[in-house]
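Engineer: Here it is, the structure, as structure tokens.
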Amino acid sequence: MTGEINGLASFAAGTLPDLVTAATVLLLTVVMLALYSWPLTVLLLLAFLPPALLTVRAFHHRAGPVYAEVAAAEAAVAAGFAESLPAQEQLRTSGSVPRWLERFARANERLLEAQSVEVRTELRLNRLALIQAGCVAGLLVLSAVLVGRGALSVGAAVVFVLATRDVFHRFEDLAGAIGDAREAQVRLARLLDLVRATGQHGSTGSVRTADALPARGELRLRGVGFGHRHDKRVIDELTLTVPPGERLVVAGGTGSGKSTLGKLLAGLYVPDAGSVRFAGHDIALVDPALLRSRIVLVPQEVHLVDGTLAENLAMSASRPGRAAVERTVELLGLTEWVGTLPYGLDTEVGTRTLSAGERQLVAVARAALTDPAVLILDEATAGVDRMTAARIEEALAALAADRTLIVIAHRADTIARGRRLLTMPDGRLTDIAGETAVRP
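Numbering (the numbering used here), first residue to last: 29 to 468.
Shown next, in the form of structure tokens:
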């Protein structure tokens, strides 16, 4: 999406002012021509506008799909390049570099072809030059006739012809700007599609204030269905009640919908069928900022920003100050870990400075600073070393003391952390002690 954002920024900063200027000057010049000779102006507009507008309309009709293909091809090239950077060692060691280069070459060939079609499409606007040349030639002949009959002075004829050339140039500028506007429209549509796909559902919801949504409450799913594709549901007709203070473990095979369920419970996905409710309120109708203060999902992959550790910890819904960050670090038993860093909380961290386990510690601390009613954990200790895993477990034990904990288990030893086990995708509930429970 970087290309779309840059393209829109370029349009807003450069093309949009030019578009307004060209339209204004064009209008004023036509008014001036009418003051010199309104019959000649009317004849000029009748001769020029119909073929010129047809040319621009044909370009506009063709340009939409062309610009969409260029944007998609640019995104594919950018995505392929971005994917290769963190995977370059794996590509070399696996001998996959030639295959990746072939794939990247195909993406570049697609982009080259799309841009070639784009150039050919934009060349259609050059037909305006032929229309202009014909109009100027006709205008010269007509002006000569009028001057010969004494109906128009030589000076007025010269001014009219020169001003007409300016009208044509401004119309060309306007047509080019309209082409850029069409491209910007395509880029904006792609961004809006992304916003609709991953946007903040419920931003216009009826539950907006903290008083309207209790600090603690029951989490309930009723007949929930969801699929990443319309023809296949990952979760179907799932009904589940998670009382306050529950310790629920979600387990199942790969692709069974465990992580999808976590995102549904956190309000990141909206069910295709059924509803997810917290404290009796449909979370799709809860203001996103308020929902993030009640339900927090700690994902497997935690992203940090360039800045200090304290700044990254403070990136939570509660917007805590330095004192709150320090108290939370102490409460979660992370003081020793922070002390191992060069400058403690003031240590500069980036996207890859900390290990995967240490980034999980940051995510757990962020969740503690938010103080949610429900904490959803997408197996934070998967793939980390034992020492870091122990720190995460200690922090979670302190954090989960008075709140609902839902753990999405990717390892068998994680199941012991809960009281009840939800097996996906069938939605069967059992308690951890082994007593059978019915499907809720």
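Beta carbons: idealized from backbone N, C-alpha and C, even for Gly.
Does the beta-carbon of ARG261 have 16 or more other beta-carbons within 10 angstroms, so that it is buried, or is it exposed?
Structural biologist: Counted from its first residue, the sequence shown places residue 261 at position 233. Per the 10 Å Cβ criterion, buried.
Engineer: For MET415, count neighbouring C-beta atoms within 10 Å of its own C-beta (all shown protein chains included) and say buried if the count is 16 or more, exposed if not.
Structural biologist: On the sequence shown, position 387 is the one that residue 415 refers to. Classification of MET415: exposed, given that the 10 Å Cβ count is below 16.
Engineer: Give me, in chain order, the residues of the same chain whose beta-carbon lies closer than 6 Å to that of VAL324; leave out the 5 immediate sequence neighbours on both sides.
Structural biologist: Indexing the sequence shown from 1 puts residue 324 at position 296. Counting only Cβ-Cβ distances below 6 Å, and skipping sequence neighbours, we find ALA395, THR398, PRO400, LEU403.
Engineer: If you count every other CB in all the chains shown that lies within 10 Å of the CB of THR288, and 16 or more means buried, which is it?
Structural biologist: As a working note, residue 288 is residue 260 in the sequence shown. THR288 is buried by the Cβ-count criterion.
Engineer: What residues in its chain sit with their C-beta under 8 Å from that of LEU119, if we drop five residues either side in the sequence?
Structural biologist: Within the sequence shown, the letter at position 91 stands for residue 119. The answer, listed in chain order, is SER112, VAL125, TRP128.
Engineer: Per DSSP, which residues does GLU376 bridge with? Please list them.
Structural biologist: Residue numbering aside, residue 376 sits at position 348 when the sequence shown is read from its first letter. Bridge partners of GLU376: THR336.
Engineer: Is the Cβ-Cβ distance between ALA434 and VAL252 less than 8 Å?
Structural biologist: Numbered from 1 along the sequence shown, position 406 holds the residue referred to as residue 434. Numbered from 1 along the sequence shown, position 224 holds the residue referred to as residue 252. As written in the sequence, residue 434 is Ile, which differs from the Ala given in the question. Not closer than 8 Å, so no.
Engineer: Work out the CA separation of ASN340 and VAL390 for me, nearest whole Å.
Structural biologist: For this step, residue 390 is matched to residue 362 along the sequence shown. For this step, residue 340 is matched to residue 312 along the sequence shown. The alpha-carbon atoms of VAL390 and ASN340 are separated by roughly 8 Å.
Engineer: Pull up the DSSP beta-bridge partners for GLY280, would you.
Structural biologist: Within the sequence shown, the letter at position 252 stands for residue 280. The partner list for GLY280 (beta bridge, DSSP) reads MET452.
Engineer: DSSP state of THR432, grouped into three classes?
Structural biologist: The residue you call residue 432 lines up with position 404 of the sequence shown. The answer is strand: DSSP assigns THR432 an E or B state.
Engineer: Tell me whether PRO327 is buried or exposed, calling it buried when 16 or more other Cβ atoms sit within 10 Å of its Cβ.
Structural biologist: Within the sequence shown, residue 327 is the residue found at index 299, counting from 1. By the 10 Å Cβ count, PRO327 comes out buried.
Engineer: Apart from the five residues on each side of it in sequence, which residues of its chain come closer than 6 Å, Cβ to Cβ, to LEU337?
Structural biologist: By one-based count along the sequence shown, residue 337 stands at place 309. Excluding positions up to five away in sequence, the list reads LEU373, THR375, VAL377.
Engineer: Where does GLY308 land, buried or exposed, given buried means 16+ other C-beta within 10 angstroms?
Structural biologist: Start at 1 with the first residue of the sequence shown, and residue 308 comes out as number 280. Exposed is the call here.
Engineer: With the cut-off set at 8 Å, would you say ALA142 and GLU97 are in Cβ contact?
Structural biologist: Numbered from its first residue, the sequence shown carries residue 142 at position 114. Numbered from its first residue, the sequence shown carries residue 97 at position 69. In contact: ALA142 and GLU97 (Cβ atoms closer than 8 Å).
Engineer: Span of the alpha helix (DSSP H) holding TRP355?
Structural biologist: On the sequence shown, residue 355 is found 327 positions in, with the first residue counted as 1. Reading the sequence as shown, one finds Arg at residue 355 and not Trp. From DSSP, the alpha helix (DSSP H) with ARG355 extends over 350-359.
Engineer: If you pair each beta-carbon of the stretch 140-156 with each one of the stretch 84-103, do three or more pairs fall below 8 Å?
Structural biologist: Contact holds: three or more Cβ-Cβ distances are below 8 Å.
Engineer: For the stretch 56-74 against the stretch 188-206, are there 3 or more C-beta pairs whose distance is under 8 Å?
Structural biologist: Because the criterion of three Cβ pairs below 8 Å is met, the stretch 56-74 and the stretch 188-206 touch.
Engineer: Does the beta-carbon distance from THR83 to LEU156 come in below 8 Å?
Structural biologist: Along the sequence shown, one-based indexing puts residue 83 at 55. Along the sequence shown, one-based indexing puts residue 156 at 128. Yes. Within cutoff.
Engineer: Report buried or exposed for TYR371, applying the criterion of at least 16 other Cβ atoms within 10 angstroms of its Cβ.
Structural biologist: For this step, residue 371 is matched to residue 343 along the sequence shown. Per the 10 Å Cβ criterion, exposed.
Engineer: Does DSSP classify VAL175 as helix, strand or coil?
Structural biologist: Taking the first residue of the sequence shown as 1, we reach residue 175 at position 147. Three-state DSSP puts VAL175 in a helix.
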